[in-house]
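Working notes, beginning with the structure itself.
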Amino acid sequence: MARANGKVILLGEHAVVYGVPAIAAGIERGVEARARPAESSSLRIGERRALPGDDSDLGRAFAALLGALAAPKLAVEATLELPPGSGLGASAALGVAIARAVLEETGSAPDSARVLAAAAAWEGVYHGNPSGVDAAAAAHAGCLLFDKINGPRPLTLGRDLILAIGLAGPPASTKLMVEGVARLRERRPAVVDKALEGIRALVGNAKLCLEAGDLPGLGSLMNYNQMLLSGLFVSTEGIERCCGLARDAGALGAKLTGAGGGGAVVALCDGTSEPILGAWRAAGVECFGSAVRGSVGEASVRT
Ligand code: MEV
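Sequential numbering of the sequence shown, starting at 16, is according to the working numbering.
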């Protein structure tokens, strides 16, 4: 049995596609997968079934992953604990968990570079231009700084993070949202590049806040990041409403997480997630809490 995490991006989504660093954290809800030898390869995720190379995205992604691992014929079953299209890394977690299950079944070492390469092949089908941050966060626990050149680097936290995650909805396509920002950059390069540089500065300061345990500072930076994301037209009324509810209930900061256009909001809590989860539930928002502790490798995550 193999597992991978879902993730939240605390700062830097979209900008990370253009080489800016992002800060992500693995969450405990994720994907469980197992593989067993079979006469022909197949994939089942809950009620969904695919064969490698059939005309579905799932079949194409499965074929790309098996090809990247030069895998023999395997029947793979996966259980998804995350809502898909919510920005919580469901697709990357599937890629990482299935790659790990394939390596486990074939008796190969769970080599992280092979897992990430296979997950990138899987993600490429859904996404077109993934930065790799989702797969890196799916493969690690704890908090990490990620950029396209250096890959993931663990961050040691000065204080644990208590997060509340709310589904602002509706599900959105990461591919379409990333394409939307690319089109905006073609039309208004100066405006978008200024936003990207702003996000770079916020991420740099957020790293210092995380290391120092300055959570109010981190929360403010998340709020500024949300403003810059709104300027890239990836926020929605539902996201702004969830962020507002969280801040009114005492969150230190709140923003969309992932590609936006719907999906999830992450709020940084001051000690407890209960007031924020309570406010969201009262407004009919599906939500859950998650804590991020320590650094990559030794970290634990809890929902
Ligand atoms: C999606 O979780 C994060 C984006 O930055 C896309 C990516 O980095 O691949 C929107």
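Backbone N, C-alpha and C define an ideal beta-carbon position, used for all residues, glycine too.
Quick caveat: nothing in here was measured; it's all calculated off a predicted structure.
Compute every distance between the C-beta of residue i and the non-hydrogen atoms of the ligand MEV, then say whether any falls below 7 Å.
i	result
V148	yes
E194	no
I24	yes
T189	yes
P52	no
H155	no
V32	yes
G273	yes
G349	Only positions 16 to 318 of the chain appear in the structure, and residue 349 is not among them; the question remains open.
P98	no
P167	no
G139	no
G102	yes
P145	yes
E47	no
E28	yes
In three-state DSSP terms, what is residue i?
i	result
E92	strand
S305	strand
S235	helix
A30	helix
A266	coil
L283	strand
L176	strand
S57	strand
G21	strand
T189	helix
V218	helix
E289	helix
R51	strand
A328	Outside the modelled stretch of the chain, which goes from 16 to 318, sits residue 328, for which no answer is possible.
D46	Residue identity differs from the one stated: residue 46 is Val in this sequence, not Asp. The answer is strand: DSSP assigns V46 an E or B state.
L66	coil
L182	strand
A298	coil
G41	strand
L103	coil
L244	helix
L97	coil
V311	For V311, the pLDDT reaches just 45, beneath the cut-off of 50, and the residue's location in the model is therefore unreliable, although a value from the coordinates is still provided. Of the three classes helix, strand and coil, the one that applies to V311 here is coil, per DSSP.
With a Cβ-Cβ cutoff of 8 Å, do residue i and residue j count as a contact?
i	j	result
T272	I24	yes
A274	G102	yes
A298	L260	yes
E47	T94	yes
A306	D175	yes
L172	L159	no
A154	S127	yes
G100	W137	no
V91	L131	no
P185	G277	yes
A320	G45	Nothing about residue 320 can be reported from this structure: the residues present for the chain run from 16 to 318 only.
A179	S56	no
V35	V218	yes
G27	I214	yes
L80	A50	no
Is residue i near the ligand ADP - that is, is its Cβ less than 7 Å away from at least one heavy atom of it?
i	result
G277	The ligand ADP is not part of the structure shown, which contains the ligand MEV as its ligands.
Task: Any alpha helix (DSSP H) of 4 or more consecutive residues that is wholly inside the region 110–174 - done: For the region 110–174, the full-length alpha helix (DSSP H) segments reaching 4 residues or more read 127–142, 148–154 along the chain.
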